[in-house]
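According to the UniProt record's numbering, the residues represented by the sequence shown are 1 to 145, in order. Even glycine gets a Cβ: it sits at the ideal position worked out from N, Cα and C. Have a look at the structure below before the remarks.
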Amino acid sequence: SDSVSSFRDSMAGSEDDDDAIGSDASSSSDVPLSAKAAKARASEAKRREREKKKQEEAARKQAVLDKRRLKKEQEEARKKAIRDKQEERQRLKEEERARKEKAKADALAKRREKERAAKERAARKAEKAAENAAGGGKGEAAASP
């Protein structure tokens, strides 16, 4: 209890010090000055609290914006991945179609070449037969082995 009373005495002493400092001025101006100081402190505390709330609100709004932006970016990335996959599938289909067309064209060219060669052989054979039939081809036939 002694420590409590000594604390009270020290607090009372500090108030006495304030009174001693203000003793030069009139006591009526001393009270409003401390009231002004208290009001200024309260006003400053309120201002700080408003500033803190404003910063918290700004941080909250920024977090919401960041979340929206992230969600939008993820959605865009998802759509791009789908689009890329579809484009890849389409490209592969086009390549397969082109490969099949080329194979078909190559087969057709090969078949036409075979037909042309067969016609040439048939024409030479018919020519040779005609020469043989005419009898003029015997000398040539004897010259070539």
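*Assign A20 to buried or exposed, taking buried as 16 or more other Cβ atoms, counted over all protein chains shown, within 10 Å of its Cβ.*
Because the pLDDT at A20 is just 47, under 50, the model does not fix this residue reliably, and the value given afterwards should be weighed accordingly. It is exposed - the Cβ of A20 has fewer than 16 other Cβ atoms within 10 Å.
_Straight-line Cα distance separating E120 from G135_ = 22 Å
*asked:* Looking only at its chain, what residues have a beta carbon closer than 7 Å to the beta carbon of A126, apart from the 5 residues adjacent to it on each side?
replied: none
*asked:* Tell me the rounded alpha-carbon separation between A59 and E87.
replied: 41 Å
*Same chain, Cβ closer than 6 Å to D66, neighbours up to 5 away in sequence not counted*: Result list for D66: empty, nothing under 6 Å.
_C-alpha distance - Q62 paired with R91, whole-angstrom precision_ = 42 Å
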